[in-house]
Amino acid sequence: MDFSLLRNIISRYCVGEENWVDSRTVYIGHKEPPPGAEAYIPQRYPDNRIVSSKYTFWNFIPKNLFEQFRRIANFYFLVIFLVQLIIDTPTSPVTSGLPLFFVITVTAIKQGYEDWLRHKADCSINECPVDVVQQGKVVRTQSHKLRVGDIVMVREDETFPCDLILLSSSRHDGTCYVTTTSLDGESSHKTYYAVPDTIAFRTEQEVDSLHATIECEQPQPDLYKFVGRINIYKDKEEPVARPLGAENLLLRGATLKNTQHIYAVAVYTGMETKMALNYQSKSQKRSAVEKSMNAFLIVYLCILISKAVINTVLKYAWQWSPDRDEPWYNHRTENERQRHVVIRAFTDFLAFMVLFNYIIPVSMYVTVEMQKFLGSYFITWDEEMFDEELGEGAQVNTSDLNEELGQVEYVFTDKTGTLTENNMEFIECCVDGNVYIPHAICNGQILSAASSIDMIDSSPGGYRREHEDLFFRALCLCHTVQVKEEETVDGIKRGIHQGRPTSFYISSSPDEVALVEGMKRLGYTYLRLKDNYMEILNKDDEIERFLLLHVLNFDSVRRRMSVIVRSSSGEYLLFCKGADSSIFPRVVSGKVEQVKARVEQNAVEGLRTLCVAYRRLSESEYEEACHRLTEAKMALQDREQRLAQAYDVIERDFVLLGATAVEDRLQEKAADTIESLHKAGMKVWVLTGDKMETAAATCYASKLFRRSTQILELTKKRTEEQSLHDVLFELNRTVLRQRSISGLSVDCLDFGLIIDGATLSAVLKPNQEGAGHGNYREIFLEICRNCSAVLCCRMAPLQKAQIVKLIKASKEHPITLAIGDGANDVSMILEAHVGIGIMGKEGRQAARNSDYAIPKFKHLKKMLLVHGHYYYIRIAELVQYFFYKPLYDTAYLTLYNISFTSLPILLYSLVEKHVTIETLKRDPSLYRDIAKNSLLRWPVFLYWTCLGVFDAVIFFFGAYFLFDNTTFTSNGQLMTTNTQMMFGNWTFGTLVFTVLVFTVTLKLALDTHHWTWINHFVIWGSLLFYVIFSLLWGGIIWPFLNYQRMYYVFMQMLSSGPAWLSIILLITVSLLPDVIKKVLCRAICPTATERAQDHERLSRGGVAELTPLSSRRSYKGTSTDSSHLHLGAAETLSLRRSDSLPQKLLAHLAEGGGSDLCALSPYTLRLSGAGFAYYAPGPETSV
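Take 923 as the starting number for the sequence shown in the working numbering and just add one per residue.
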């Protein structure tokens, strides 16, 4: 009996997960290991088929229906439809079934079409040709037929079909260059390395003769992590084991560059590749509007149930009298008489539910989805958000959050690449306190690089000169930069200068390129990496060669990188560069104070700084370091931890050489964007991994902090001097005291908070029992609430997400937005309510994982203040309108929400502009009018509901009392004695329904501010369609109907003059309260938006828009028939004699005395054409 499975389970779950090695064995070329080596255990792996589609031909209908009926509204209408089928109800099942069928069908077609496109994309990928080495020959096959263990040949500019381990390359050093644009958006070339023992394999026959196995971890989605080893069998010798890491793994979707061809073995295929594992769907985000919709729906559902219960009770109360139990027109059947009273009551309850279920708008959900989907195109079509440099515009990855853009209260932004350009320029370096600036100016002349060194360091001593040379060599050697002689990019050859090929540098890090180019300008040129030798050209034009032994790669935890090289003299050198916080604690000698002072000065100026140090290694020290690194790299389990421990032991006892300063310029209009966001009432937080001084300088430059801002520091340095508890309470007292002094007006405060990662960890750390201190989180949040801006520096990616989560979970539950451009920003982008990715130089990973992607940070202003504002206004009106619309014949009930009233509100919600785009951009404070879901709060909802109830009462009782004097005719019909019009249930219902359709449509017309031909066509067209449909529906005997209760009803109603008068009167009375309310509110307490609308109307009537005086200080009339009236130092009224409007205004100002003139004192009043304009001095503000 085989107990291997039981033994594996016990070892995994009983011994402990940490001792479980979850790995796979790959047999290269599907060859079994030699006898006695190890047991051959064939394993089953998926093929290389990529499946991004959601449905198949067989499961589409059941799966799609299941997903759609998981929505409460759809399930509710399904239940109502089934009730109508089962029991005798007052309305036909068609009235519920047809709208539900329409909604389900439209949604299914949309989702089916999207999935069909995914199927097409999958097929095109899975059928791509791939070259596989089989029996010493290259055989072409399709991508989906690849298997784990296949040896694949990939040529230049081809994409890797699966995750591969590089065996050999056409380059003699066994390297290949790869771009990972489709994975992380980085267009720079990355270097990957072949297994040392297989570098020499050049032909298909040699590669096919390889006898080896690969042991590696099971698939996991981290693109930058891979742990494995290869065992190579040679004859009867012991297998040779070599470590495999991320530098050996070629990822599916990456492209081979500057390498003729490579041979590699497949280790992960199909849906197990890292690219496919990163396709996993993100968590579903729901907007505040959607949550309000669900809450309103529950209220209406409760109203519906209450109405059904009340009517059921009233019915049985009415039937309590025997003479009313069975009226002559409604005799019961024998089965109904024998049925139990409880069952009859329940059946009646369901019948009333069906009768009144139309207060739940079934078409609202499909209309909202269509509005979001179609409305999202306005962002992608916006030409102002198109970037010429990138050749791309804004992208919408999800349309479900459009209206959330108009509700943002907190903006969390990255610094590097988001606020700044991430375009690094080398500014200076400091060696032992001596500053070196490329192309220094002396006596008005720009000196060469070498001259600048001689000028600054005219008589260096031996020690000082040695440190200079070591510093420049360190920066030329400690990097991962690649040198390219020539490259064609989009048809343009780079690296060609005056017809001769010249080298240029490429790297995944723009900092490294800036440093290497800076060294070139200072006389030390990095030439190339050839046969593992790094070559540099020193300032004496001599080539120096260093053997590259080890690279200790940079990571965000260590914040440094190192290389171990051997010079031509045989000396072992360890060069290290990194953040000052990670270098200074490991330094044992050097001019630390001088360098630290220069670093701090550069940081205050907003420059990015790095420190450089070195260490000489003896032969034994190098052997020990090499042993530690090799042992850690060979580990399959906990490799990263072991490497970190090895790096920690090796990178110590440094001699400090100096520091560098690189400038990252602020992005265009970044300061203007942040200022506009502040005016709109949003709080902006900067979350960055940079040091405090550098980040603070950027915050001042971007106007996040102003010179008058009182900075509060919550940093590690301060908490070392005082306890965290004391610092927090001191800061809290400061902001609360200042708040009370300012009269509880938070707007008058201008605090800025700076916190670092270490202190944040302490703040977020759960309190230990018995600590005796309060909840630090609440105190921290209270401080942040009273700060206009917050800077979080030295942040790890996870801490960025923790900050966003902390603010989301606070008691106010504010709407948050996160924006960034790098992979380290993905966590906070996914955590925030709205995530926006910048298409930056750090890759497209942020843009791919975001809800929206924009080319530059400046586009955030229009995204929120214009698009977000419009989206929220439109969808709020749409939702309230659907709940407002307060029903009789099957066809009318079916078409009411679908045709008669849905299309006008849908078009309104797409094209309505209550104020112009220019006004929204000029006056960001208008954003405050819609903040905190103000248009969908409970008071507003109750107003709309009461308005709907009022209109319903007017419709019903108005028509009832207007036609209450009725007599029976000889044929049993009712005729009104005062109008001589045939009047029955259907005529009464048609009259009420006509008033309803016209009222709700005309209300929408009254709410429309921006009229286009589309609005006119849809609004008036829907009314015309209703009339034509009613004439056709009641004017023709339709053969497919068993009975036609509406025959000739509509024509009979319209033939009566009093009916026309009643319709007009009821519509007027119904619309009057809403009109009066709007007029009174606008006159008594107008909102900022309403004041802006009034200004726009004045502009269209002859008053030009408000323009800053700073951009236009004076006005010169072009007509001779003009004059200027000076009201004060900065007041001018330019008049034309033919215009009366300015004369009236002038008379008004003269009558008002000094108050009006004082109000106008900062402004210039100018007449232009038929009107006039105010011109305000100073910053851009509306008047």
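Even glycine gets a Cβ: it sits at the ideal position worked out from N, Cα and C.
query: Quick one: which unbroken alpha helix (DSSP H) runs of 4-plus residues sit fully inside the segment 1073 to 1141? Chain order, please.; result: 1103 to 1106 and 1126 to 1130
query: Which ranges would you report for the alpha helix (DSSP H) in the segment 1577 to 1644 if only whole runs of at least 4 residues count?; result: 1592 to 1601, 1614 to 1623 and 1638 to 1643
query: Any idea what DSSP makes of Leu1470, helix, strand or coil?; result: strand
query: Tell me the DSSP bridge mates of Gly1500?; result: Arg1482 and Cys1533
query: Could you tell me which residues DSSP pairs with Ser945 in its beta bridges?; result: Glu1139
query: When the Cα atoms are used, what is the spatial distance from Ile1428 to Asp1845?; result: 44 Å
query: Going by C-alpha distance, which of Glu1137, Gly1058 and Gly1096 is nearest Gln965?; result: Glu1137
query: Counting along the chain, where does the alpha helix (DSSP H) carrying Asp1570 start and finish?; result: Arg1561 to Ile1572
query: What did DSSP end up calling Ser2077 once you bin it into helix, strand or coil?; result: Here Ser2077 scores only 38 on pLDDT, less than 50, and its place in the model is too uncertain to base an answer on.
query: Thinking just about the alpha-carbon of each residue, which of Tyr1280, Asn1475 and His1931 is nearest to the one in Asp1570?; result: Asn1475
query: Just the Cα atoms here: how many angstroms apart are Leu1007 and Pro1015?; result: 6 Å
query: Taking 8 Å as the cut-off, does the segment 1609 to 1626 touch the segment 1512 to 1529 (at least 3 CB pairs, one atom from each stretch)?; result: yes
query: Considering Cα atoms alone, identify which of Lys1733, Pro968 and Tyr1455 is closest to Asp1095.; result: Tyr1455
query: Counting pairs of beta carbons, one from the segment 1872 to 1885 and one from the segment 1910 to 1923, are three or more of them closer than 8 Å?; result: yes
query: Based on Cα-Cα distance, which residue from Val1509, His1262 and Asp1010 lies nearest to Ala1501?; result: Val1509
query: Classify Glu1439: buried if its beta carbon has 16 or more other beta carbons within 10 angstroms, exposed otherwise.; result: buried
query: Quick one: is the Cβ of Pro1143 within less than 7 Å of any heavy atom of the ligand MN?; result: Of ligands this structure carries none, so the ligand MN is not represented either.
query: Where do the N-terminal and C-terminal ends of the beta strand (DSSP E) with Lys1179 fall, by residue?; result: Thr1177 to Lys1179
query: Of all the options Ile1121, His1781, Val1862 and His1647, which has the alpha carbon lying nearest to the alpha carbon of Tyr1305?; result: According to the sequence displayed, residue 1305 carries Glu and not Tyr. Ranking the options by Cα distance to Glu1305, first place goes to His1781.
query: Measuring straight from C-alpha to C-alpha, what distance separates Glu1493 and Ala1396?; result: 14 Å
query: Got a sec, what are the start and stop residues for the beta strand (DSSP E) Gln1404 sits in?; result: Gln1404 to Lys1406
query: With DSSP collapsed to three states, give me the class of His1755.; result: coil
query: If you reduce the DSSP assignment to three classes, tell me which class Gln1724 lands in.; result: helix
query: Could you work out which residue in Glu1080, Trp1242 and Thr1289 is closest to Leu1829 when comparing CA atoms only?; result: Thr1289
query: Compute the Euclidean distance between the alpha carbons of Gly1058 and Gln1127, then round it to the nearest angstrom.; result: 4 Å
query: On the premise that Leu1825 lies in contact with Leu1924, defined as a C-beta separation below 8 Å, what is that separation, rounded to the nearest angstrom?; result: The Cβ separation is near 15 Å, so there is no contact.
query: Are Val948 and Thr1195 closer than 8 Å when you measure CB to CB?; result: no
query: Can you list, in chain order, the residues of its chain with a C-beta nearer than 8 Å to that of Ser1540? Leave out the 5 residues immediately preceding and following it.; result: Tyr1494
query: Any idea what DSSP makes of Glu1493, helix, strand or coil?; result: coil
query: What residue from Val1100, Phe1910, Phe1863 and Leu1946 has the CA that sits closest to His1217's CA?; result: Contrary to the premise, residue 1217 reads as Ala rather than His in this sequence. When only C-alpha atoms are compared, the closest one is Phe1863.
query: Please state if the CB of Pro1165 and the CB of Met1785 are separated by a distance shorter than 8 Å.; result: no
query: Please determine, among Leu1219, Lys985, Ala1267 and Ser1214, the residue with the shortest C-alpha to C-alpha distance to Ala1239.; result: Ala1267
query: Can a CB atom of chain C be found closer than 8 Å to the CB of Phe1779?; result: As a matter of chain content, chain C is missing from the structure shown, which is built from one protein chain.
query: So, is Ile1009 buried or exposed, given that buried needs 16 or more other C-beta atoms within 10 angstroms?; result: exposed
query: If contact is defined by three or more beta carbon pairs under 8 Å, each pair taking one atom from either stretch, is the segment 1943 to 1954 in contact with the segment 1862 to 1876?; result: no
query: Alpha carbons only, please: which of Leu1088, Thr1234, Ile983 and Val1149 is nearest the one belonging to Asp1037?; result: Ile983
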